[in-house]
């Protein structure tokens, strides 16, 4: 990524030294170690001062772990289940049953591809109405059989195409919002990449909403905001600042409950550590929510969203 | 001494009169050009026809107070939550600060916000009612619209009455960022409670009903009706065209298209809406 360019020359130097060391059979391990430490130090420095638009870049990184990268590292016995029993199976939305350290759960989430061919198949994770309807039927199954629901969000937005209007993605999302608010099982939402507006929210009604450190959650993309409100697509970095779409801002506004740390340099540098951190957060939050009764779970979720909104009220 | 409430009411009435005149483009003359068929109509005829073009039937947009007058029985409306006001909490500036945009919207429309909520009688039947207004920042859904809709639903549960909402919105209010998005959950969750209480929600879509509003309460009516030719959908038509790189077929995302595809119960002309609502309320609420 652009902002990592300062590290490039240092990486090159390390490669050079390694080549020389091998070719000339000199021991340069001290020098190499010193350089690698400098790289690490500088990377930590860069990552501690990221601007919102830089965070956006990380959240969209082509190698950022997808749901199917994370699931086998967090859960066991995952069985993917397909179809919305109405129209089709949407590859952009994945769902199924699994075990989290022995506890049976239902998982749903958006799935991006790991390469161009996969991305075309997965529609870049941009779900169609049948994706939300598949998610709903699996979540209803969880509710019926008293299993916790864990959702994974990584979507730029619901796919803005003909299908979305012919088969009403609006109705599918709306219905999911209403139904999710009534489920009597724990719902934990994890935003791993892009939390793209209504497309994200359609599986985003949780008792707990967690976010990976460099993921984003917004009502509109910075680019969309720049084009529509600022009438200038180049203003995306400024829009990203105004939108307050990074994890720390969202935590402050109580829109999310917890930030999950990423490995230094971003999740794409170490999937295993990322998965480990997500798993720990899931276990902790699930243990907490398991203490609540069915009606408490519904009430807690209602109150959580009921309290979101900032306004003033005059009195007579 | 006048109370703030009285002051607001007076200002509102003054602005209303000014807005209605401006909306019909009558700076001294009495003729209006229909946006759709371009025919010239005498403004008093247009008014008498409930702001529906006498030649082609095009439904001009209504302000929330115009809609209220057409719908509620005379003198039956009590407003709820009129003093809940938006603030620029992020803060957010695009081509102007959000705080200024709110001020300008108030000056232009006389309204505090993009929705009026309360209770009224329709054909003698008591009901909770919400009427959105597109002229206030595009009818956009922000914290206050979300809060007023949620309170309307919660209060209607207490009063054991139906909820009717007239939708008119371009979607979520960007100037409130993620908080606008959260209003979609808040309102939908309240509708879950309404459903559990055995009470009906009738959603009336008007032009336009899009994005964050259609993806929340607007598409959750037990019955969903629409005025003819209203734009009702999720993604904006231009965004779809850019994505699929094709021109959209005529009538795409209009109420009639939505009905054909199974997501609209009825298309109802403006003059017939009140009677239709009365029939529906009686159906739901009769003992």
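Protein chains in written order, with the numbering used here: chain A, 693 to 1008; chain B, -13 to 273.
Just so you know, even glycine gets a beta-carbon here, dropped at the ideal spot from N, CA and C.
Query raised in the report: Using a Cβ-Cβ distance under 8 Å, would residue 823/A count as near chain B?
Result: Taking the first residue of the first chain as position 1, residue 823/A is located at position 131. With 8 Å as the cut-off, residue 823/A does not count as an interface residue toward chain B.
Requested in this report: Identify whether residue 846/A lies in helix, strand or coil by the three-state DSSP scheme.
Outcome: Position 154 of the first chain, counting from 1, holds the residue named residue 846/A. In the structure shown, residue 846/A sits in a strand (DSSP, three-state: E or B).
Requested in this report: Starting from residue 154/B, trace the beta strand (DSSP E) both ways and give me its first and last residue.
Outcome: By one-based count along the second chain, residue 154/B stands at place 168. Where residue 154/B is concerned, the enclosing beta strand (DSSP E) stretches over 149 to 155.
**Report entry** Beta carbon of residue 821/A nearer than 8 Å to that of residue 861/A
**Finding:** The sequence position of residue 821/A within the first chain is 129, counting from 1. The sequence position of residue 861/A within the first chain is 169, counting from 1. Closer than 8 Å, so yes.
Query - Assigned secondary structure, residue 729/A (DSSP; H/G/I helix, E/B strand, else coil) - result: Position 37 of the first chain holds residue 729/A. DSSP places residue 729/A in helix when its eight states are reduced to three.
Report task. Anything in chain B within Cβ reach of residue 897/A, meaning under 9 Å, just list it in chain order. Result -> The residue you call residue 897/A lines up with position 205 of the first chain. Going along chain B in sequence order, the residues near residue 897/A (Cβ under 9 Å) are 171, 174, 175.
Query raised in the report: Whole-angstrom Cβ separation of residue 158/B and residue 122/B, contact assumed at under 8 Å?
Result: In the second chain, counting from the first residue as 1, residue 158/B sits at position 172. In the second chain, counting from the first residue as 1, residue 122/B sits at position 136. Not confirmed; about 14 Å, so no contact.
Query raised in the report: Going along chain B, which residues have a C-beta under 7 Å from residue 1003/A?
Result: As a working note, residue 1003/A is residue 311 in the first chain. What residue 1003/A touches in chain B: 70, 71, 72, 73, 129, 130, 133.
Query - Classification of residue 882/A by the beta-carbon crowding that lies within 10 angstroms, buried from 16 upward - result: Counting from one through the first chain, the residue named residue 882/A turns up at place 190. Residue 882/A should be labelled buried.
Requested in this report: Rank 758/A, 703/A, 891/A, 742/A by C-alpha distance to the C-alpha of residue 729/A and give the top, closest one.
Outcome: Working through the first chain from its first residue, we reach residue 729/A at position 37. Considering only alpha carbons, the answer is 703/A.
Requested in this report: Report the neighbours of residue -9/B on chain A: residues whose CB is nearer than 8 Å to its CB, in chain order.
Outcome: In the second chain, the residue the question calls residue -9/B occupies position 5. Chain A residues near residue -9/B: 1008.
Query raised in the report: To which residues of the same chain is residue 125/B closer than 7 Å at the C-beta, ignoring the five residues directly before and after it?
Result: Walking along the second chain from the start, residue 125/B turns up at place 139. Closer than 7 Å at the Cβ level, and outside the excluded window around residue 125/B, lie 100, 118, 119, 154, 155, 156.
Report task. Indicate whether at least one CB of chain B lies closer than 8 Å to the CB of residue 1011/A. Result -> This structure gives no information on residue 1011/A, because the portion of chain A shown stretches from 693 to 1008.
Requested in this report: Leaving out five residues on either side along the sequence, give the residues of the same chain with a beta carbon under 6 Å from the beta carbon of residue 50/B.
Outcome: Start at 1 with the first residue of the second chain, and residue 50/B comes out as number 64. The residues are 102, 117, 119.
Requested in this report: Return the residue from the list 81/B, 59/B, 74/B that minimises the CA-CA distance to residue 112/B.
Outcome: Position 126 of the second chain, counted from the first residue, corresponds to residue 112/B. Answer by Cα proximity: 59/B.
Query raised in the report: Is it true that the CB of residue 696/A sits closer than 8 Å to the CB of residue 709/A?
Result: As a first step, residue 709/A must be located in the first chain, where it is residue number 17. As a first step, residue 696/A must be located in the first chain, where it is residue number 4. No, they are not a contact pair.
Query - Limits of the alpha helix (DSSP H) - the one that residue 168/B falls within - result: If you number the second chain from 1, residue 168/B lands on position 182. Note, residue 168/B: alpha helix (DSSP H), 163 to 182.
Requested in this report: Pull out every residue of the stretch 855 to 868 of chain A whose Cβ sits closer than 9 Å to any Cβ of chain B, in chain order.
Outcome: 856, 857, 858, 859, 860, 861, 862, 863, 864, 865, 866, 867, 868
Requested in this report: Ignore the nearest five residues each way along the sequence and tell me which others in residue 753/A's own chain have a CB closer than 6 Å to its CB.
Outcome: By one-based count along the first chain, residue 753/A stands at place 61. If we look at residue 753/A and ignore the five residues flanking it on each side, its Cβ neighbours are 960.
Query raised in the report: Are residue 904/A and residue -9/B close, meaning C-beta to C-beta below 8 Å?
Result: The count along the first chain starts at 1 and reaches residue 904/A at position 212. The count along the second chain starts at 1 and reaches residue -9/B at position 5. Cβ atoms of residue 904/A and residue -9/B: not closer than 8 Å.
Query raised in the report: When the cut-off is 8 Å and only beta carbons count, does residue 882/A lie next to chain B?
Result: Taking the first residue of the first chain as 1, we reach residue 882/A at position 190. No - not a single Cβ of chain B is within 8 Å of the one on residue 882/A.
Query raised in the report: Which partner residues of residue 45/B appear in the DSSP bridge assignment?
Result: Your numbering for residue 45/B matches position 59 in the second chain. According to DSSP, which records beta bridges pairwise, residue 45/B is partnered with 38/B.
Query raised in the report: Nearest chain B C-beta to residue 902/A closer than 8 Å, yes or no?
Result: On the first chain, position 210 is the one that residue 902/A refers to. For residue 902/A, the answer is no, since every Cβ of chain B falls outside 8 Å of its Cβ.
Report task. From the DSSP output, in three-state form, read off residue 917/A for me. Result -> Taking the first chain and counting its residues from 1, the one referred to as residue 917/A is at position 225. Reduced to three states, the DSSP call for residue 917/A is helix.
Query raised in the report: Apart from the five residues just before and just after residue 72/B, which ones in its own chain have a Cβ nearer than 7 Å to its Cβ?
Result: As a working mapping, residue 72/B is identified with position 86 in the second chain. Taken in chain order, the residues that qualify are 88, 99, 128, 129, 130.
**Report entry** CA nearest to the CA of residue 832/A, picked from 871/A, 817/A, 866/A
**Finding:** Here residue 832/A refers to the residue found at position 140 when the first chain is read from its first residue. For the residues 871/A, 817/A, 866/A, the minimum Cα distance to residue 832/A belongs to 871/A.
Requested in this report: Can you grab the Cα-Cα spacing for the pair residue -4/B / residue 68/B, in whole Å?
Outcome: In the second chain, counting from the first residue as 1, residue -4/B sits at position 10. In the second chain, counting from the first residue as 1, residue 68/B sits at position 82. Computed Cα separation, rounded: 14 Å.
Query - Endpoints, alpha helix (DSSP H) assigned at residue 838/A - result: The residue you call residue 838/A lines up with position 146 of the first chain. Neither: residue 838/A is in no alpha helix (DSSP H) and is coded neither H nor E.
Requested in this report: Measure how close the beta-carbons of residue 172/B and residue 997/A come, nearest whole angstrom, since I'm counting them as under 8 Å.
Outcome: Numbered from 1 along the second chain, position 186 holds the residue referred to as residue 172/B. Numbered from 1 along the first chain, position 305 holds the residue referred to as residue 997/A. 5 Å between Cβ atoms; contact.
Query - Inter-residue spacing [alpha-carbon to alpha-carbon] between residue 907/A and residue 63/B - result: Taking the first residue of the first chain as position 1, residue 907/A is located at position 215. Taking the first residue of the second chain as position 1, residue 63/B is located at position 77. So the two alpha carbons sit approximately 47 Å from each other.
Query raised in the report: Since residue 889/A meets chain B, which of its residues come closer than 8 Å, beta carbon to beta carbon?
Result: Here residue 889/A refers to the residue found at position 197 when the first chain is read from its first residue. Within chain B, the residues near residue 889/A are 158, 167, 198.
Query raised in the report: Hey, out of 918/A, 851/A, 932/A, 971/A, whose CA is closest to residue 751/A's CA?
Result: The residue given as residue 751/A occupies position 59 in the first chain. It is 932/A.
Query - Chain-order list of residues whose beta-carbon lies under 8 Å from that of residue 163/B (same chain, five-residue window excluded) - result: As a working note, residue 163/B is residue 177 in the second chain. Correct list, in chain order: 76, 78.
Requested in this report: May I have the straight-line CA-CA distance separating residue 24/B from residue 31/B, to the nearest angstrom?
Outcome: For the purposes of this step, residue 24/B is taken as residue 38 along the second chain, with counting starting at 1. For the purposes of this step, residue 31/B is taken as residue 45 along the second chain, with counting starting at 1. Taking the straight line joining both Cα atoms gives about 15 Å.
Query raised in the report: Leaving out the 5 sequence neighbours to the left and right, which residues in its chain are closer than 6 Å to residue 805/A when beta-carbon positions are compared?
Result: The count along the first chain starts at 1 and reaches residue 805/A at position 113. Contacts found: 811, 814.
Requested in this report: Could you check what DSSP says for residue 10/B in three-state terms: helix, strand or coil?
Outcome: Taking the second chain and counting its residues from 1, one reaches residue 10/B at position 24. Any reading at residue 10/B is ruled out, since the residue's pLDDT is 49, under 50, leaving its predicted position unreliable.
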